[in-house]
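Sequence order for the protein chains is A and B.
Going by the UniProt record's numbering, the letters in the first sequence line up with residues 1 to 185, in that order.
Going by the UniProt record's numbering, the letters in the second sequence line up with residues 1 to 185, in that order.
Before any comments, here is the structure.
2 protein chains.
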Amino acid sequence: MKDFEEKTLSSKELYNGKIIDLVLEDVELPNGKQGKREIIKHPGAVAVIARTDENKIILVKQYRKALERAIVEIPAGKLEKGEEPAHTALRELEEETGYTTQQLQKLTAFYTSPGFADEIVHIYLADQLVPLEEKRELDEDEFVEVMEVSLEEALHLIEKQHIYDAKTAYAIQYLQLQEVLESTK
Amino acid sequence: MKDFEEKTLSSKELYNGKIIDLVLEDVELPNGKQGKREIIKHPGAVAVIARTDENKIILVKQYRKALERAIVEIPAGKLEKGEEPAHTALRELEEETGYTTQQLQKLTAFYTSPGFADEIVHIYLADQLVPLEEKRELDEDEFVEVMEVSLEEALHLIEKQHIYDAKTAYAIQYLQLQEVLESTK
Numbered sequence: 001m002k003d004f005e006e007k008t009l010s011s012k013e014l015y016n017g018k019i020i021d022l023v024l025e026d027v028e029l030p031n032g033k034q035g036k037r038e039i040i041k042h043p044g045a046v047a048v049i050a051r052t053d054e055n056k057i058i059l060v061k062q063y064r065k066a067l068e069r070a071i072v073e074i075p076a077g078k079l080e081k082g083e084e085p086a087h088t089a090l091r092e093l094e095e096e097t098g099y100t101t102q103q104l105q106k107l108t109a110f111y112t113s114p115g116f117a118d119e120i121v122h123i124y125l126a127d128q129l130v131p132l133e134e135k136r137e138l139d140e141d142e143f144v145e146v147m148e149v150s151l152e153e154a155l156h157l158i159e160k161q162h163i164y165d166a167k168t169a170y171a172i173q174y175l176q177l178q179e180v181l182e183s184t185k
Numbered sequence: 001m002k003d004f005e006e007k008t009l010s011s012k013e014l015y016n017g018k019i020i021d022l023v024l025e026d027v028e029l030p031n032g033k034q035g036k037r038e039i040i041k042h043p044g045a046v047a048v049i050a051r052t053d054e055n056k057i058i059l060v061k062q063y064r065k066a067l068e069r070a071i072v073e074i075p076a077g078k079l080e081k082g083e084e085p086a087h088t089a090l091r092e093l094e095e096e097t098g099y100t101t102q103q104l105q106k107l108t109a110f111y112t113s114p115g116f117a118d119e120i121v122h123i124y125l126a127d128q129l130v131p132l133e134e135k136r137e138l139d140e141d142e143f144v145e146v147m148e149v150s151l152e153e154a155l156h157l158i159e160k161q162h163i164y165d166a167k168t169a170y171a172i173q174y175l176q177l178q179e180v181l182e183s184t185k
């Protein structure tokens, strides 16, 4: 298999922000010609499927400025500098749902948009949820509303495109896929 | 359901690029305080599950500079200005696989990373593939290698994280999900 590597000839940071950085790179293409790549650097993120004792999945509704509307997602958040993804996952679970757990399991990870961004999302499954005695504060610019649905309801929400962000659909479908693969073993 | 709308107070374009733009917005949060949002504007993209007569899915391997390595994906590409997604899907299918079709069906669409980007990916299913008599040229900065796998192999590639970009995993899992939902009706 060829790898078609693109060598970096020069790299310039055009923006260094709170969440993302923008880098413009001049590259040497596999045919020897030159090209430009616009790249968003992102610290990475986590998303958590929180599964209640009644086998429901916790969803949060929050406003997404990039889309100019509120959408339904699983709890998620970006990694703080040097933070272990599992730690971020527990923090976001606690902040967004009011539950904690000692049963946090890494399911998978994926790249959201490799054409222009290096963002990776680590997906966790949280079981045996315990209500926090003292609620944790959300980030000061974060506002969410919480709801619970069954796995079947969640799958139908994906089918109807009521759930349609990558991490939420990926996580829920991954959970479903595990069950399918398990049942065919 | 509350929508927690964030009103735009001011908006500034910091970068206007070939594929992405970067906009910085000052917003009024639901609690009356102010916040900042970094937003990537993207023209949107398509991804195509191309299914051969032997019921194989066509994958393409290509170098992704943002990740500094080659990864395996389904054929995909960004929308040109004003272009219908179905037209982009057919063009990318032809350029990247050497097949064309009259059986192109929209499956779904999703947002790759609503926390900072407005990118939407439209997913199509292409059946009854016909080899092009004359191969179409790839974009001048695009280099791909083509392979074919069964749906079951593709699912295992996802499970092993050999496939792990959002659009490819979403599309393949969505196809699998349709079959599961169909079988439980």
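Beta carbons are placed, not taken as given, at the ideal position from N, Cα and C, and that holds for glycine.
The structure presented is a predicted model; accordingly, all values stated were derived computationally and were not measured.
Whose Cβ in chain A lies nearer than 7 Å to the Cβ of residue i?
| i | result |
| --- | --- |
| residue 191 of chain B | No answer is possible for residue 191 of chain B: the residues shown for chain B start at 1 and end at 185. |
| B/Val60 | The contacting residues do not exist; B/Val60 stays about 11 Å from chain A at best. |
| B/Ile57 | Per Cβ cutoff of 7 Å: no residues; B/Ile57 is ~15 Å from chain A at best. |
| B/Leu14 | Tyr15 |
| B/Asp53 | Here the premise fails: no neighbours, minimum Cβ distance about 24 Å. |
If the criterion is Cβ atoms closer than 9 Å, does the pair residue i and residue j meet it?
| i | j | result |
| --- | --- | --- |
| B/Ala76 | B/Lys135 | no |
| B/Gln62 | B/Gln102 | no |
| B/Lys65 | A/Glu25 | yes |
| B/Ile49 | B/Ile172 | yes |
| A/Leu67 | B/Tyr15 | no |
| B/Asp141 | B/Glu73 | no |
| A/Glu28 | A/Glu148 | no |
| B/Gln176 | A/Leu175 | no |
| B/Pro85 | B/His122 | yes |
| A/Tyr170 | B/Ala169 | yes |
| A/Tyr111 | B/Ile71 | yes |
| A/Leu155 | B/Val180 | yes |
Quick one: list the residues of chain B neighbouring residue i, beta-carbon separation under 8 Å, in chain order.
| i | result |
| --- | --- |
| A/Val46 | Residues of chain B passing the Cβ test: none, with the nearest at roughly 12 Å. |
| A/Lys36 | Lys18 |
| A/Pro30 | Tyr63, Phe143 |
| A/Val146 | Neighbours of A/Val146 on chain B: none; closest Cβ ~11 Å, over 8 Å. |
| A/Lys130 | Inspection of the sequence shows that residue 130 of chain A is occupied by Val rather than by Lys. The contacting residues do not exist; A/Val130 stays about 27 Å from chain B at best. |
| A/Asp127 | By Cβ distance, chain B contributes nothing, its closest Cβ being about 20 Å from A/Asp127, past 8 Å. |
Using 8 Å for Cβ pairs, my map puts residue i next to residue j. What's the rounded Cβ distance?
| i | j | result |
| --- | --- | --- |
| A/Tyr124 | A/Leu107 | 6 Å |
| A/Ala89 | A/Val46 | 4 Å |
| B/Val23 | B/Ser11 | 6 Å |
| B/Tyr99 | B/Leu151 | Rounded, the Cβ-Cβ distance is 18 Å, inconsistent with contact. |
| B/Gly44 | B/Ile158 | With a Cβ gap of about 24 Å, B/Gly44 and B/Ile158 do not count as contacting. |
| A/Glu96 | A/Val60 | 5 Å |
| A/Leu93 | A/Ala126 | 5 Å |
| B/Phe143 | A/Phe143 | Contact doesn't hold; Cβ gap of about 44 Å is too wide. |
I want to verify the contact list: residues of chain A whose CB lies under 8 Å from the CB of residue i, in sequence order.
| i | result |
| --- | --- |
| B/Val27 | Lys65 |
| B/Glu6 | Tyr63, Lys65 |
| B/Ala154 | Under the 8 Å cutoff, chain A gives no residues; its nearest Cβ is about 11 Å from B/Ala154. |
| B/Leu93 | The contacting residues do not exist; B/Leu93 stays about 17 Å from chain A at best. |
| B/Leu177 | Leu155, Ile158, Glu159, Gln173, Gln176 |
So which residues on chain B does residue i lean against when the C-beta distance must stay under 9 Å?
| i | result |
| --- | --- |
| A/Ile71 | Tyr111, Pro114 |
| A/Ile39 | Lys65, Ala66 |
Whose Cβ in chain B lies nearer than 7 Å to the Cβ of residue i?
| i | result |
| --- | --- |
| A/Glu119 | Ser113 |
| A/Ala166 | Phe110, Tyr111, Thr112, Ser113, Ala166, Tyr170 |
| A/Leu22 | Tyr15, Leu22 |
Give me the chain A residues within the contact set of residue i, using Cβ-Cβ distance strictly less than 9 Å, ordered along the chain.
| i | result |
| --- | --- |
| B/Gln161 | Thr108, Ala109, Phe110 |
Residue i CB to nearest chain D CB: under 9 Å?
| i | result |
| --- | --- |
| B/Val149 | Annotation note: the requested chain D is absent from the structure, which comprises protein chains A and B. |
Contact the region 34-44 of chain A vs the region 110-118 of chain A: 3+ CB pairs below 8 Å: yes
Quick one: which unbroken alpha helix (DSSP H) runs of 4-plus residues sit fully inside the UniProt domain "Nudix hydrolase" (40-171) of chain A? Chain order, please. 85-97, 151-159
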